[in-house]
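Below you'll find the structure, written out as C-alpha cells, and then a few comments.
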Amino acid sequence: MSQNTMNLKVKVWRQKNANAQGAFVTYDVAGISDEMSFLEMMDILNERLITEGGDPVAFDHDCREGICGMCSMYINGKPHGPWQANTTCQLHMRAFKDGETIVIEPWRANSFPIVKDLTVDRSAFDRIIQAGGYISLNTGNAVDGNSIPIEKQNADDAFAAAMCIGCGACVAACKNSSAMLFLSAKVSHLALLPQGAPERKSRVLNMVAQMDKEGFGSCTNTGACEATCPKEISIANIARLNSEYLGASLSAQ
Amino acid sequence: MLDAKIPSGNLDDKWVDYKGHCKLVNPANKRKMEVIIVGTGLAGASAAASMAELGYKVKAFCFQDSPRRAHSIAAQGGINAAKNYQNDGDSIFRLFYDTIKGGDYRSREANVHRLAEVSTNIIDQCVAQGVPFAREYGGLLSNRSFGGTQVQRTFYAAGQTGQQLLIGAYQALERQVALGNVTMHTRHEMLDIVKIDGKAKGIIARNLITGELEKHFGHAVLICSGGYGNVYYLSTNAMGSNVTAAWKAHKQGAYFANPCFTQIHPTCIPVSGDHQSKLTLMSESLRNDGRIWVPKNVGETRKANDILEAERDYFLERRYPAFGNLVPRDVASRAAKERCDAGFGVGTSKQAVYLDYAAAIERYGKIEVSKQGLSNVSSEQIIAMGKEVVKEKYGNLFNMYAKITGENPYEVPMRIYPAVHYTMGGLWVDYELQTTVPGLFALGESNFSDHGANRLGASALMQGLADGYFVAPYTVGNNLADEIYNAAIPTTHPAFEEAAKNVAARIASLKNINGKQSAESFHKRLGKIIWNECGMSRNEAGLKQAILDLQALKKEFWSDLRIPGEINEYNPELDKANRVADFIELGELMCVDALAREESCGGHFREEYQTPEGEALRDDEKFMYVAAWENKGAHEWQLHKEALKYDVIKPSQRNYK
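Chains S and Z, in that order, give the protein sequences.
FYI, our numbering numbers position 22 of the first sequence as 46, with every residue one higher than the one before it.
FYI, our numbering numbers position 172 of the second sequence as 175, with every residue one higher than the one before it.
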C-alpha cells in the first residue's frame with residue numbers, strides 16, 4: 025500500500041484533426057504515484073497543459089472500469105499497453121519504472137480515421153452491426169424465457185463471445201488491420217443460440233460484406249488479435265466464422 | 004399539489020386498464036411523427052428501438068462515439084424479475100412490496116406495481132434477443148440473491164449483466180438504424196430544449212466533433228440521459244455521465260424531484276489519493292459470500308490476517324442478524340461510515356472496512372471435499388479447493404480488485420468503502436413518464452419515479468428497460484395521438500433560432516472567461532463540498548454552509564474558468580465545462596432539498612432525525628410527499644408537493660434486524 029513516485033517521459037502522437045499532419049511530442053510528467061491509473065497520469069499531464077496555456081491531449085475514455093470499450097491507446101507498441109487481458113483505463117502505473125519513456129499512439133487503421141490526437145472514429149463497427157448483428161425481433165413478441173432451454177455449454181460459449189467490448193484493439197494489433205475477431209465474436213454469439221438460427225446465413229454474409237466495404241484487411245491467422253484482446257475473445261471464433269461463412273456461401277449459391 | 008395522473012381502479016388493474024384505453028396513433032400517422040431520444044443507455048436504446056419498430060421516425064443522440072458505450076454497460080450484478088422460476092415464493096406483489104419497502108416508502112405505488120408487472124416481459128424480451136443470461140445444466144435460466152430481498156429473483160450474465168442487456172438493446176437499435184427508422188447522432192450533446200406554445204418541440208444539440216450547433220424538431224422529446232452521481236466528482240459513474248440534458252429540461256420548466264435522494268453503494272474500492280478520477284464498484288453479489296468487518300480496537304495497526312477472530316467486529320451481522328451482510332445499500336453504507344468515523348477504519352486512509360472471503364473459501368473448500376468424497380485432506384488443500392470455487396463465481400471481480408490495488412484478494416481481505424453509485428432523484432414525471440413540460444418525457448435513471456429514497460440492487464436495469472420497452476411506447480403514443488394534426492415544424496421557426504442563439508451565447512461566455520482554472524479543478528472542489536455536506540449524512544448547519552460555498556464556487560467558476568482550444572472544433576474541455584456549470588447549480592438544489600426534508604429516509608440521512616439505535620427516522624406526518632422543485636431563476640426554486648398515498652401497503656419503520 026505504500027506509494028512510490030516516479031518521473032517519466034511520455035511521447036504522444038499529436039494531430040489537430042483528421043486532415044492535419046501529426047507528429048510525436050514528448051512531455052515530462054513528474055511525481056506520478058504507482059497507485060495511479062494510466063489515464064490519471066494523462067489527466068495530470070492535461071491539467072498541466074491547460075494551466076500552462078497549452079492544448080490538452082485528446083483521448084477517448086468513459087467508464088474507466090474496463091467495460092465500455094471507449095479507451096483506445098496504443099502504448100509502447102501494444103494496444104491497451106503491457107498487461108494481459110486489460111484495457112488502457114485499467115492499466116496502472118505500477119506497470120512502469122521511474123525514468124521510463126512511454127510511447128502513446130492512437131489505434132492505427134485506415135478504417136478508424138483519427139479525430140484528434142489519440143481519438144479515432146470507430147463508427148465502422150456500428151455499421152457492421154447494422155448489417156446483421158442482431159436478431160430481428162420487435163418488442164413484445166417474446167415467448168417465456170424458459171421456453172427456450174439452451175445447453176449450458178452453448179450459453180457459456182455465446183456469453184464468452186458476447187463479452188466483446190467493441191474497443192477495436194484487435195484491429196489495432198493486426199498487421200492487416202483486420203476486424204475478423206470483432207466480427208467473429210458477434211457472429212458466434214448469435215450463431216450459438218437457437219434464437220439466432222433463422223437469420224444465421226444472411227447474417228454472416230451481410231456482415232462480412234460490410235466489413236469488406238469498410239476497408240478492414242484480411243485475416244492471416246497470426247493471433248495478434250487474440251493476444252491483445254482485453255476480454256480474451258478466442259480466435260476459435262474466427263474459425264467458427266469461417267465455417268459459418270463457407271456454409272452460408274455454399275447454400276446461397 | 005401535483006397531480007401524477009394515476010389511473011383509478013385497483014392497483015392490479017391500473018396498467019392493464021390504461022393500456023386498454025389509451026389513445027393510439029394509426030400506422031400512416033406514425034410515419035409522420037418524429038420522436039427525439041436523448042441518451043442511448045438501457046432506457047434510451049430500448050425506447051428508440053421500440054418506438055421505431057412501431058413506425059415513428061426516431062432521432063437518437065448520445066455523447067459517446069457509439070450508443071453501445073452508455074454507462075448502463077457497467078452494471079455488474081443483475082436484473083430482477085418476478086418470474087418465480089425458483090418456486091421460492093416470489094410474485095409481482097412481492098417484488099412490488101420489496102421495492103416500496105427498500106425505497107423507505109417514498110415512491111409511488113402505481114408506478115412501482117407497473118414496474119413489477121412488466122419485469123417478467125423484460126426477461127422474455129431479452130432472452131429472445133439473444134442476451135446470454137447464466138443458465139443451469141438443464142438449460143434453464145439461473146437466479147441469484149441480492150440485498151434487501153429474501154427470494155432469488157435476480158437474472159444475471161456473470162458480472163456483466165448491464166453489458167449484455169445494453170448490447171441487446173443496442174443491437175435492436177442498430178437494426179432500426181439499418182432499416183432507416185432511427186437516425187443516430189453519436190458524439191452529440193443536447194444543450195437545450197426548444198419549446199413552442201409551451202410544448203417541447205425539439206432540441207439544440209452540439210456536434211462534439213465540429214462544435215456546430217444543430218436544431219432538431221420532434222413531436223415529443225424523451226430524456227434518457229441517466230443519473231447525476233458525478234456531481235460528487237468521485238463516483239462509480241462513467242467520466243462523461245452528466246446532468247446537462249436533465250438540467251436544461253429543468254431550466255425550461257420541468258420540475259426536479261427529490262434531488263437529495265442519492266445512493267451510496269457500500270462496496271467500492273476506496274480512494275487511494277488526490278489523483279483519483281473515479282471509483283470502482285465491487286458488485287453487491289460479493290455480499291452473498293463475503294463477510295464485512297473492522298478490528299475491535301481503535302487505531303489497530305496489525306495486518307488483517309494477524310487480527311484474531313475474537314478481535315474482529317462483524318458489524319453488519321452484529322447489528323442486523325436477520326439480513327446480516329445482505330442489508331440494503333443505504334443501511335450497509337451508513338454502518339461502514341459509522342465504524343470508520345468512530346476510528347475503527349482500516350488501510351492507510353482509515354476510510355475503509357474489510358470484505359473478507361476467508362470463511363467462504365474454507366466453507367466452499369469443505370463442500371468440495373465432501374462432494375469429491377476425499378478424506379485426510381490438509382487444511383491447505385481445502386483452502387486451495389475453496390479458492391477455485393470462489394474464482395469461478397467471482398473471478399472477474401477479484402481480478403479487477405487486484406489490478407487496481409495491486410493486492411491479492413484471495414490472500415488478504417479486500418478493503419472497501421461506500422461510494423456514490425446511483426441517484427434516485429431526477430426529473431419529476433407523472434404516471435405516463437411525462438414531465439411538467441408537455442411533450443417532454445423522462446425515462447430510466449433520469450426520472451425520479453420508482454425507487455423512492457433508496458434503490459434495491461438489480462432494479463436499475465429493470466427500470467430502464469421497463470420504461471423504454473414497455474411503458475413509453477404506450478404513454479408517449481397516448482400523447483402523440485393529440486399531435487397528429489400538427490405537422491412537423493421547420494427548424495427555421497423563431498423558437499429554434501432563439502434557442503440556438505442562447506446556447507451559442509452561453510458557450511461563448513464560458514469560453515470568454517479566459518481565467519486560470521480548469522473545469523476539472525472546479526469539478527473536484529464541487530465534489531468535495533457535496534460529498535462532505537450532502538453525502539452519507541447531512542445536517543442543517545452543514546447544508547446551509549454548503550449552499551453558501553456552492554454559490555461562491557459558481558461565482559468563481561464564471562470568473563476564473565479556463566477552456567483551451569476553440570469553440571468550433573473537437574474540444575473535450577469545453578464539453579466538460581458545460582457539464583460542470585450545470586452540476587454546480589444542481590449541487591445547490593440538492594442541498595436545498597436536503598435541508599427542506601427534515602427527516603431521515605433511505606439514502607437521505609439527516610443527523611438530527613435518527614432512532615436511539617442510529618437508524619433513519621422518517622416523519623410520515625410531514626414528509627410523505629415527493630418534493631418537486633420548480634426553477635425560478637438563479638439560486639431560486641419553488642417547492643411543489645406530490646402527496647404519496649399508500650392504498651395497499653402500510654408504511655412502517657424498515658426493519659432488517
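Glycine included, every Cβ here is placed at the ideal spot set by N, Cα and C.
Just so you know, these numbers come straight off a predicted model, no measurement behind them.
The C-beta of Z:Val-423 comes no closer than 8 Å to any C-beta of chain S.
Listed in chain order, the non-local C-beta contacts of Z:Glu-572 below 6 Å within the same chain comprise Gly-214, local neighbours out to five positions each way being set aside. A contact between stretches requires three or more CB pairs, one per stretch, nearer than 8 Å, and the region 426-445 of chain Z meets this requirement with the region 472-488 of chain Z. Taking all protein chains in view, the Cβ of Z:Arg-305 is surrounded by fewer than 16 other Cβ atoms within 10 Å, so the residue is classified as exposed. For a cut-off of 8 Å, the C-beta gap from Z:Ala-241 to S:Cys-188 is around 19 Å, too long to register as a contact. Membership of Z:Lys-504 in the alpha helix (DSSP H) is indicated by the continuous run 497-514.
Counted as a single uninterrupted DSSP element, the alpha helix (DSSP H) harbouring Z:His-24 occupies residues 17-24. Taking the Cα positions, S:Ser-212 is about 15 Å away from S:Lys-255. Within the region 391-460 of chain Z, the complete beta strand (DSSP E) segments of 3 residues or longer fall at 417-426, 443-445, listed in chain order. Annotation for Z:Gly-467: the continuous alpha helix (DSSP H) segment containing it runs 463-468. In the three-state reduction of the DSSP assignment, Z:Trp-632 falls in the strand class. Less than 8 Å separates the beta-carbon of S:Asp-122 from that of S:Asn-31. Z:Leu-319 and Z:Ala-307 do not touch by the CB rule: their CB atoms are close to 17 Å apart, not below 8 Å.
Under the DSSP assignment, Z:Asn-482 falls in the alpha helix (DSSP H) whose first and last residues are 475-483. Chain S places no beta carbon closer than 8 Å to that of Z:Arg-294, leaving this residue out of the contacts. Non-local beta-carbon contacts of Z:Cys-604 in its own chain, meaning distances under 7 Å to residues more than five positions away in sequence, involve Asp-107, Arg-109, Ala-456, Ala-619, Arg-621 in chain order. Between Z:Thr-270 and Z:Leu-358 a beta carbon distance of about 6 Å is seen, short of the 8 Å cut, so the two are scored as contacting. With respect to Z:Leu-98, Z:Arg-34 sits apart: the two C-beta atoms are not nearer than 8 Å. Z:Thr-152 is the residue among Z:Val-121, Z:Arg-111, Z:Thr-152 whose C-alpha sits nearest the C-alpha of Z:Asp-93. Taking a beta-carbon distance threshold of 8 Å, Z:Glu-56 counts as an interface residue toward chain S.
By the rule that beta-carbons nearer than 8 Å mark a contact, S:Ala-248 does not touch chain Z.
By alpha-carbon distance to Z:Val-38, the top candidate from Z:Phe-473, Z:Ala-48, Z:Ala-55 is Z:Ala-55. Straight-line measurement puts the Cα of Z:Gln-166 at about 15 Å from the Cα of Z:Leu-176. Taking the Cα of Z:Arg-315 as reference, the smallest distance to any Cα among Z:Val-423, Z:Val-246, Z:Val-297 is reached at Z:Val-297. Secondary structure remark: continuous beta strand (DSSP E) runs of at least 3 residues inside the region 157-196 of chain S: none found. Rounded to whole angstroms, Z:Ala-597 and Z:Leu-553 show a C-alpha spacing of 14 Å.
S:Phe-183 counts as buried, since no fewer than 16 other beta carbons sit within 10 angstroms of its beta carbon. Listed as beta-bridge partners of Z:His-188 by DSSP are Z:Phe-64. Under a criterion of Cβ atoms nearer than 9 Å, the residues of chain S adjacent to Z:Ala-181 are, in order, Arg-151, Ile-153, Gln-154, Ala-155, Gly-156, Tyr-158. Beta bridge pairing from DSSP links Z:Met-4 with no other residue. Taking the Cα positions, Z:Ser-521 is about 45 Å away from Z:Pro-615. Non-local beta-carbon contacts of S:Leu-216 in its own chain, meaning distances under 6 Å to residues more than five positions away in sequence, involve Asn-178, Asp-181, Ala-182 in chain order. Flagged as an interface residue toward chain S: Z:Lys-406, by a C-beta distance shorter than 8 Å.
Here S:Gly-239 is near S:Ser-135, since their CB atoms are less than 8 Å apart. Look at the region 26-50 of chain S and you find these whole runs of beta strand (DSSP E), each 3 residues long or longer: 29-38. Sequence-distant Cβ neighbours of S:Arg-227 in its own chain, meaning closer than 6 Å and more than five residues away, are Gly-156.
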